[in-house]
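This report concerns only the one structure given below.
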Amino acid sequence: MSFQNKRPLYLNQTSDVSSFSNPKTTEQNFITCDPIKKYSDIEDCLSNLPQWVEKVVPLKKRCQYVVKNSLSDCHSIESDHYIHNRLDSRTVPKTLICHDYKGGYLTDSYVPVKDGDEKHIDKEGYTFYNWSQIDYFVYFSHHFITIPPLSWINAAHKNGVKILGTLITEFTDGAKICDEGIFNNRDSMKEFAFHLTEIVKLFGFDGWLLNIENEVKHPDLLKGFVEVLTQNIHKDNSENIVIWYDSVTKDGKLLWQDQLNCENKCFFDLCDGIFLNYCWNEEKLANTVKCAGSRRFDVFVGVDVFGRNMFGGGQFNTFKAVELVSKYNLSMAIFAPGWTYETMDKNPENTRFSRFLTRDDTFWFSLLPYLYTRPINDFFFTNFHLGLGQNSYSLFIQEQQTSRLLHPDRLNTIPQYETVLSLQNSCDCLKREYVGAKNVCLISKQGLRENSRSIVHNIFLCDIKLQGKIGVSVQTENLNFMETFLDWVLLTVLPSGSLRKIKLLGKIFW
Numbered sequence: 428m429s430f431q432n433k434r435p436l437y438l439n440q441t442s443d444v445s446s447f448s449n450p451k452t453t454e455q456n457f458i459t460c461d462p463i464k465k466y467s468d469i470e471d472c473l474s475n476l477p478q479w480v481e482k483v484v485p486l487k488k489r490c491q492y493v494v495k496n497s498l499s500d501c502h503s504i505e506s507d508h509y510i511h512n513r514l515d516s517r518t519v520p521k522t523l524i525c526h527d528y529k530g531g532y533l534t535d536s537y538v539p540v541k542d543g544d545e546k547h548i549d550k551e552g553y554t555f556y557n558w559s560q561i562d563y564f565v566y567f568s569h570h571f572i573t574i575p576p577l578s579w580i581n582a583a584h585k586n587g588v589k590i591l592g593t594l595i596t597e598f599t600d601g602a603k604i605c606d607e608g609i610f611n612n613r614d615s616m617k618e619f620a621f622h623l624t625e626i627v628k629l630f631g632f633d634g635w636l637l638n639i640e641n642e643v644k645h646p647d648l649l650k651g652f653v654e655v656l657t658q659n660i661h662k663d664n665s666e667n668i669v670i671w672y673d674s675v676t677k678d679g680k681l682l683w684q685d686q687l688n689c690e691n692k693c694f695f696d697l698c699d700g701i702f703l704n705y706c707w708n709e710e711k712l713a714n715t716v717k718c719a720g721s722r723r724f725d726v727f728v729g730v731d732v733f734g735r736n737m738f739g740g741g742q743f744n745t746f747k748a749v750e751l752v753s754k755y756n757l758s759m760a761i762f763a764p765g766w767t768y769e770t771m772d773k774n775p776e777n778t779r780f781s782r783f784l785t786r787d788d789t790f791w792f793s794l795l796p797y798l799y800t801r802p803i804n805d806f807f808f809t810n811f812h813l814g815l816g817q818n819s820y821s822l823f824i825q826e827q828q829t830s831r832l833l834h835p836d837r838l839n840t841i842p843q844y845e846t847v848l849s850l851q852n853s854c855d856c857l858k859r860e861y862v863g864a865k866n867v868c869l870i871s872k873q874g875l876r877e878n879s880r881s882i883v884h885n886i887f888l889c890d891i892k893l894q895g896k897i898g899v900s901v902q903t904e905n906l907n908f909m910e911t912f913l914d915w916v917l918l919t920v921l922p923s924g925s926l927r928k929i930k931l932l933g934k935i936f937w
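All residue numbers for the sequence shown refer to the numbering used here, where the first residue is 428 and numbers rise by one.
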């Protein structure tokens with residue numbers, strides 16, 4: 428990845444068991460998910476698959492509809508409660524997340540040897556949990572071939588999100604791999620494309636991000652590689668995808684364009700999409716729309732959360748870039764959202780969990796108006812576990828989250844939060860709260876103008892076909908011991924199209 432038009436970023440790749448904070452985490456208890464660091468290691472990897480591939484969860488089929496998020500849809504007066512307008516997901520822009528947390532392959536790469544040991548891998552680590560708001564997840568590192576760890580594959584697949592690995596070549600070593608190895612001749616190119624296709628199939632993920640960040644002597648072979656790989660990937664599974672990163676031009680020059688144009692469109696035309704570099708401006712977005720034509724949703728505009736050479740400056744101002752991308756109805760690729768955790772002081776430990784969630788919720792809530800939400804399309808159980816707790820980290824036990832992005836708690840700890848548009852006069856009737864070491868969804872009427880009336884809070888957005896007897900179980904707790912009446916309501920749609928409201932259990936009196 429590049430953040431300026433001179434050279435790509437290179438991040439720390441250190442990852443070893445000695446850095447773990449949990450003394451129970453040992454190599455005897457876990458097997459690891461590892462990248463392929465050298466071209467010569469590919470065949471050995473394919474012929475000696477790790478044990479963990481047997482634990483890969485298949486990609487869950489998602490609802491084909493989405494709902495456009497709105498700041499005003501958190502609650503409504505009971506008499507005005509309505510079904511959200513649902514849009515065909517093929518007719519709206521997409522959101523891609525590119526994970527880049529400290530170079531990758533940290534505690535997230537460990538897989539318990541024994542079943543039942545998934546609950547506690549380490550004391551802390553980065554988690555992502557807003558799966559209903561995204562379409563693709565890329566696991567990124569600076570190793571030659573990045574194979575996503577099992578924990579991320581399963582977390583994504585359980586939520587119906589496609590997860591991609593990364594192919595990267597860069598600097599002098601990258602040029603040597605390209606010119607003397609994989610793009611030396613057509614046979615070596617086709618063999619490499621075959622190997623990448625096999626890796627996707629055998630490791631159970633869903634495609635590749637191609638990140639060639641060095642000059643290439645044989646650009647025609649590079650183009651052929653993109654075409655052959657995409658064809659192979661689709662032949663094996665038509666749902667798999669290949670995305671090209673905006674780096675090398677049609678002539679093999681390393682020259683980031685920050686837009687879709689005649690210099691990089693040849694690669695875009697041969698695969699499923701392009702991930703644009705981050706140094707764009709509004710003029711380049713307009714040019715991209717013209718160049719993309721009917722494929723504008725296949726263009727993922729790069730948005731760097733660290734804010735390096737980025738429109739708006741990134742960080743808690745990332746929403747400024749996202750707002751402009753949305754104006755042009757283009758898809759977006761949000762790079763390194765782990766900034767919310769990586770740049771946070773981890774001490775004191777007893778507040779680390781809550782401080783991270785405040786930062787992370789603030790970041791994602793700032794993007795809420797520009798994202799779409801996928802309805803839940805299967806029965807579920809949840810305690811809202813994020814894969815991270817006060818003293819534990821494991822993505823393997825992450826659970827379903829609310830469809831509505833929760834309002835951040837303790838906003839006063841976020842510098843200049845008042846400048847975030849979506850937080851100005853925003854409603855916090857659904858927000859995150861902490862009960863002991865757990866996070867919960869707090870429902871509140873405090874501060875609502877309609878406080879004396881019956882209010883409906885929108886928590887789960889579903890697309891589940893119901894027939895026969897259906898059981899719904901909900902556990903609630905009154906945190907302030909005020910007299911409160913609470914109904915649980917299902918707003919359903921009959922085959923005829925008419926609405927039916929079902930109240931569960933009647934009034935719950937606290």
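Even glycine gets a Cβ: it sits at the ideal position worked out from N, Cα and C.
Please say whether G587 and L486 have beta carbons closer to each other than 8 angstroms?
Their beta carbons are under 8 angstroms apart, which means L486 touches G587 by this criterion.
Below 7 angstroms CB to CB, which residues in the same chain sit around T534 once its five sequence neighbours on both sides are set aside?
Hits under 7 angstroms: F447, I548, D549, G552 and Y820.
Which value, in whole angstroms, describes the spacing of the CA atoms of E666 and Q491?
Computed Cα separation, rounded: 14 angstroms.
Where does the unbroken beta strand (DSSP E) through R859 begin, and where does it stop?
Residues L857 to V862.
Rounded to the nearest angstrom, what separates T800 and P520 at their Cα positions?
Approximately 12 angstroms, taken between the alpha carbons.
Return the first residue and the last residue of the beta strand (DSSP E) that M759 is part of.
M759 -> beta strand (DSSP E) spans S758 to F762.
Shortest alpha-carbon distance to C605 belongs to which of T593, F619 and S568?
Residue F619 is the option with its Cα nearest to C605.
At 3 residues or longer, and completely inside the segment 469-533: list those beta strand (DSSP E) runs for me, N to C.
Whole beta strand (DSSP E) segments, 3+ residues: 492-495, 502-504 and 522-526.
I'd like the ranges of any beta strand (DSSP E) spanning at least 3 consecutive residues and lying wholly in the segment 690-756.
Runs of the beta strand (DSSP E) inside the segment 690-756: 700-702 and 726-731.
Please give me, in chain order, every unbroken run of the beta strand (DSSP E) with length at least 3 that falls completely inside the segment 578-659.
Runs of the beta strand (DSSP E) inside the segment 578-659: 589-597 and 634-640.
Mark S871 as exposed unless 16 or more other C-beta atoms lie within 10 angstroms of its C-beta, in which case mark it buried.
By the 10 Å Cβ count, S871 comes out buried.
Please work out which residues of its chain come closer than 7 angstroms, Cβ to Cβ, to A602, disregarding the five sequence neighbours upstream and downstream, and give them in chain order.
Hits under 7 angstroms: N641 and E642.
Do you know how far the Cα of P775 is from the Cα of T715?
The straight-line gap from Cα to Cα measures roughly 46 angstroms.
Does the Cβ-Cβ distance between Y528 and E769 come in under 8 angstroms?
Contact flag set, yes.
According to DSSP, is P796 part of a helix, a strand, or is it coil?
The answer is helix: DSSP assigns P796 an H, G or I state.
So, helix, strand or coil for F807, using DSSP?
F807 falls in the coil class under three-state DSSP.
Using the Cα positions of I411 and W766, report the straight-line distance between them to the nearest angstrom.
It is not possible to answer for residue 411, since the shown part of the chain is limited to 428 through 937.
Among the candidates F790, Q817, K482 and I469, whose CA atom is the shortest distance from the CA of F823?
The shortest Cα separation from F823 among F790, Q817, K482 and I469 belongs to K482.
Just curious, the alpha helix (DSSP H) that W558 is in, first and last residue?
Note, W558: premise wrong, no alpha helix (DSSP H); not H, not E.
Considering W766, what are the terminal residues of the alpha helix (DSSP H) in which it resides?
Residues W766 to E769.
Relative to the C-alpha of R489, which residue among N804, Q478, L813 and I882 is closest?
Nearest of N804, Q478, L813 and I882 to R489, Cα basis: N804.
Which class does K773 belong to by DSSP, given the choice of helix, strand or coil?
It is coil, neither helix nor strand.
Helix, strand or coil for D787, going by three-state DSSP, please let me know.
Looking at D787 - three-state DSSP - the assignment turns out to be helix.
May I ask which residues mark the beginning and end of the beta strand (DSSP E) holding I882?
Unbroken beta strand (DSSP E) run through I882: I882 to H884.
Which residue or residues does DSSP assign as beta-bridge partners of K865?
Per DSSP, V862.
CA-CA distance, V627 and L594?
In a straight line, the C-alpha of V627 is about 12 angstroms away from that of L594.
At the level of alpha carbons, what is the spacing between N736 and V728?
Answer to the nearest angstrom: the Cα atoms are 14 angstroms apart.
What whole-angstrom Cβ distance do C698 and I670 have, given they're in contact under 8 angstroms?
Indeed they touch by this definition, with Cβ atoms about 7 angstroms apart.
Who are the near neighbours of V920 in its chain, counting only those whose CB is closer than 7 angstroms to its CB and skipping five residues on each side?
I510 and L926.
Here's a check: name, in chain order, each residue in its chain whose Cβ is nearer than 6 angstroms to the Cβ of P576, leaving out the five neighbours to either side.
Around P576: C460, D535 and S536.
What does the Cβ neighbour count give for N581, buried or exposed, with the cut at 16 atoms within 10 Å?
Its Cβ being crowded by 16 or more others within 10 Å, N581 is buried.
For a test of the three-state rule: what should DSSP assign to R831, helix, strand or coil?
Three-state DSSP puts R831 in coil, outside helix and strand.
Got a sec, what are the start and stop residues for the beta strand (DSSP E) I458 sits in?
Its beta strand (DSSP E) spans residues F457 to T459.
Does the beta-carbon distance from H502 to C718 come in below 8 angstroms?
Going by C-beta atoms, H502 is not nearer than 8 angstroms to C718.
Taking 8 angstroms as the cut-off, decide whether the C-beta atoms of V726 and L687 are in contact.
Contact flag set, yes.
Could you give the residue range of the beta strand (DSSP E) that holds L918?
Run containing L918: F912 to V920, per the beta strand (DSSP E) assignment.
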